[in-house]
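Residue numbers for the sequence shown, in my numbering: 8 to 405. Note that beta-carbon positions come from the ideal geometry of N, C-alpha and C, so glycine has one too. No experiment lies behind these values; they were computed from the predicted model shown.
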Amino acid sequence: MSQGPTGDPARTRNPARALSGSGPARGRVPAVVLRGRQVVRGWLRQLWEALRPWDPTRSIKAALQALVIASVMITTLLVTLAIHSRTEIRVITIFSIIASLLITQIVATNLTAPLREMTAVARAMAGGDYTRRVARVRRDEVGELAETFNRMAADLAAVDRHRKELVANVSHELRTPIAALRAVLENVVDGVSAADPETMRLALQQTERLGKLVSQLLDLSRLDSGAVRLDAKRFEVWPYLSAVLKTASLGADRGKAGGTLTRARADVPLHLDVSPPELVAYADGERLHQVVANLVDNAMKHSPPGGRVTVRARGGSAPGSLDLEVRDEGPGIPEADRVRVFDRFHRGSHPGTDGGTGLGLAIARWAVDLHGGRIEVAESPRGCRIHVTLPGMPPQPR
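Here you go:
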């Protein structure tokens, strides 16, 4: 009984003999295996180039599905080659396991590389280095995580930069009045100058400046921490603003009579324009006082001798809303400074900006933000014009 190639038990049991057997199959089988290896290698290379680094996929789920499909196709290809080359199943199993391990290692490395990079960047940030960023080379969930991580790192870097600037500015602002006060007291103690009223007024001036700076810093701290709550009520605008301007005028008169260099000036008249006179608004009186007082103080400081500061109030479109405007006749705010004019410790670049703490307008902005309003530098042909809008009463639930 003759047996064909498919019926030879020796060929089926021993693949080595099948590869080195005699007859026409001796040269054909190695060629088939070699071609199969080349095909598999080329196909894997094309697959890796197509999927690397998984940019075409926008989901890890899709990438894993592609991995499963690729593994099944490779296994199928190897089984097909085994059938045609009469290779034993255990050999195919070994090759399938090796191929699966290689593909899994490649994919796992590609998936975990961004996570390892994030870990390294997070450790660097924990050490105080906020300049590190994660390279986003993927478009799936890991890429979105990297983008979110970079935004968080940028926010932390900004917070750290603001913190350092705040510490430096506060240290500088506190050092100036403390040094001046110390110099005055040392002169009195050393007998260089007598403890006359003029010397005491200089010491009082620096003490008041120091106290005002500390008070402003406390206000900003309360605003930042969210400890300030609005106590909004309806009030008549005319008597309220009249009291605020009267306080500013009294401060100017006291500074002139006492000989101290207060920021309020008696040579700058204040003008109040409220229409209609019976205008009623809805806001927090204490917070609005901070807004108006700081804006008026800033306007008086930059006004020329004899220049007038005008506070204008009108009703808005919503019930209880208020449009407030403070205008002076000073040099105005350059357009380049308008973006940062409400930042903490920011001082203008034009002449006549020395002597302030750079916190007044920042406090005014925060108080307006608490109301949900808006504050901005408006266009003006002369001087500076700062416009404030308060939204008024909240809508009543139906």
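Collapsing the DSSP output to three states places residue 286 in coil. In this structure, residue 332 keeps its C-beta atom at 9 Å or more from the C-beta atom of residue 346. For residue 309, the secondary structure class from DSSP, reduced to helix, strand or coil, is coil. Residue 278 and residue 316 do touch by the CB rule: their CB atoms are close to 7 Å apart, below 8 Å. Boundaries cannot be given for residue 349, as no alpha helix (DSSP H) includes it and DSSP labels it neither H nor E.
DSSP lists 318 as the bridge partner or partners of residue 279. By the CB criterion at 9 Å, residue 380 and residue 326 fall outside the cutoff. Close CB contacts of residue 280 within its chain, under the 8 Å cut and outside five residues either way in sequence, are with 317, 318, 319 and 320 (chain order).
In this structure, DSSP gives residue 71 a helical state, which the three-state scheme calls helix.
Taking C-alpha positions only, residue 344 is separated from residue 386 by approximately 13 Å. Cβ contact annotation for residue 296 (same chain, cutoff 8 Å, sequence separation greater than five): 251, in chain order. According to the DSSP secondary-structure assignment, residue 396 is paired through a beta bridge with 330 and 381. Looking only at 286, 229, 390 and 369, the smallest Cα-Cα distance to residue 335 is reached by 390.
Assignment of residue 147 by DSSP, reduced to helix, strand and coil, places it in the coil class. The shortest CA-to-CA distance from residue 253 to any of 282, 300, 287 and 292 is the one to 300. By the neighbour-count definition (other C-beta atoms within 10 Å, threshold 16), residue 310 is a buried residue.
Looking at the DSSP output, residue 239 sits in a beta bridge with 291.
Taking the C-beta atoms as reference points, residue 226 is found no nearer than 9 Å to residue 291. Going by C-alpha positions, residue 91 is about 11 Å away from residue 84. DSSP places residue 367 within a helical segment (H, G or I) once states are collapsed to three. Using a 10 angstroms sphere on the CB of residue 147, the tally of other CB atoms reaches 16 or more, which defines it as buried. Here DSSP, grouped into helix, strand and coil, assigns residue 341 to coil. Leaving aside the five residues that flank residue 143 on each side, the residues in its chain whose CB is nearer than 6 Å to its CB run, in chain order, 150, 153 and 154. Nearest in C-alpha terms to residue 384, of all of 368, 132 and 198, is 368. In this structure residue 375 is buried. Its beta-carbon is surrounded by 16 or more other beta-carbon atoms within 10 angstroms. Of the other Cβ atoms in all chains shown, 16 or more fall within 10 Å of the Cβ of residue 141; this residue is therefore buried. Buried is the label assigned to residue 294, since at least 16 other Cβ atoms lie within 10 Å of its Cβ. Looking only at 168, 203 and 114, the smallest Cα-Cα distance to residue 138 is reached by 168.
With 16 or more other Cβ atoms from the protein chains shown falling within 10 Å of its own Cβ, residue 255 counts as buried. Using a Cβ distance threshold of 9 Å, residue 337 and residue 306 count as a contacting pair.
Selection 341, 115, 289 and 219 evaluated against residue 304 yields 219 as nearest (Cα-Cα). A Cβ-Cβ contact shorter than 9 Å links residue 322 with residue 288.
For the 9 Å CB-CB criterion, residue 397 and residue 329 form a contact. Here residue 298 has 371, 374, 375 and 395 as same chain residues with Cβ atoms under 7 Å from its own Cβ, once five neighbours each way along the sequence are excluded. If you draw a straight line from the Cα of residue 102 to the Cα of residue 165, it comes to about 54 Å. Taking all protein chains shown into account, residue 184 has 16 or more neighbouring C-beta atoms within 10 Å of its C-beta and is therefore buried.
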